[in-house]
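Written below as structure tokens is the structure these notes are about.
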Amino acid sequence: MGLLVLTGTLGFAVARGAATGTAPEDAGQVVRANSRVLSQAPDEKAQLVEFLDFECEACLAAHPFVEELRREHGDTVTVIHRYFPMPGHRNAMNAAIAVEAAAQQGKYAAMHRKMFRTQTQWGGSAEDKSALFRSFAQDLGLDLAAYDRAVADPATADRIRLDKADGLALGISGTPTFFLNGEPLVADSLEEFRALVEKAAQRP
Numbered sequence: 001m002g003l004l005v006l007t008g009t010l011g012f013a014v015a016r017g018a019a020t021g022t023a024p025e026d027a028g029q030v031v032r033a034n035s036r037v038l039s040q041a042p043d044e045k046a047q048l049v050e051f052l053d054f055e056c057e058a059c060l061a062a063h064p065f066v067e068e069l070r071r072e073h074g075d076t077v078t079v080i081h082r083y084f085p086m087p088g089h090r091n092a093m094n095a096a097i098a099v100e101a102a103a104q105q106g107k108y109a110a111m112h113r114k115m116f117r118t119q120t121q122w123g124g125s126a127e128d129k130s131a132l133f134r135s136f137a138q139d140l141g142l143d144l145a146a147y148d149r150a151v152a153d154p155a156t157a158d159r160i161r162l163d164k165a166d167g168l169a170l171g172i173s174g175t176p177t178f179f180l181n182g183e184p185l186v187a188d189s190l191e192e193f194r195a196l197v198e199k200a201a202q203r204p
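Okay, so the sequence shown: first residue is 1 according to UniProt numbering, each after it adds one.
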């Protein structure tokens, strides 16, 4: 399966090829009923799904572009995120758990933005940054007792692992990886990426 590869001014790219690992029998779904919706289009004509890692520099580079697309096509393009913490990123899983815990209080969008805005402060660190992420939850006004319970709940980590299992079964081996209406979004430039999204957004 050929997945999105983008290079250029934003400098983000997705590796090609598949990875291996134990997966549930139904792994390989692009979207699930409980997938985190960043923005729901009221007149949905397309779904843009991003598998992402909050510690990934390429995901940080892609973030403003995705936000721009959301502003331009918010009425017709629903944007969905799937967790895909990469090995070698010490705090990728911790960050995903923190974001998911915030999502359980209706703050997915706010916490995901917080992670990207602060990535340069914690990304690449060999230290556990869970306490810093908890401070983000406090900054956002979350119920910290509920946040702590969600972080400690094995079901929270299991939910993230299910997202990753889907990604691995789909052949993903790098982030960010995008799917448009259930199909891999293959583009050689940001311009082509934008054109494909715009075409999908205008379909009858």
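Using N, Cα and C, we set each Cβ at its ideal position, and we do this for glycine too. Quick caveat, the model's predicted, so the values are computed rather than measured.
*asked:* I'd like to confirm the pairing. Which residues does DSSP put opposite E50 in its beta bridges?
replied: H81, F178
*Which residue comes first and which comes last in the beta strand (DSSP E) that contains L38?*
Taken as a continuous stretch (DSSP letters only), the beta strand (DSSP E) holding L38 covers 36-39.
*Specify the secondary structure class of P184 as computed by DSSP and reduced to three states.*
Of the three classes helix, strand and coil, the one that applies to P184 here is strand, per DSSP.
_Is it buried or exposed, Q119, if we count other Cβ atoms within 10 angstroms and call 16 or more buried?_
With 16 or more other Cβ atoms within 10 Å, it is buried.
*asked:* Taking contact to mean 3 or more Cβ pairs, one atom from each stretch, closer than 8 Å, check whether the stretch 107-114 and the stretch 69-80 are in contact.
replied: no
*May I ask you to report which of helix, strand or coil DSSP gives P204?*
coil
*Go ahead and pull the three-state DSSP assignment for G28.*
Note: G28 maps to coil in three-state DSSP.
_Minimum C-alpha distance to Q104 - residue among V30, V151, C56_ = V151
*Are the stretch 173-192 and the stretch 119-128 touching by the rule of at least three beta carbon pairs closer than 8 Å?*
no
*Is D26 buried or exposed, if buried means 16 or more other CB atoms sit within 10 Å of its CB?*
Burial call: exposed.
*Under a three-way DSSP split, which group does E127 fall into?*
E127 sits in coil when the DSSP states are folded into three classes, being neither helix nor strand.
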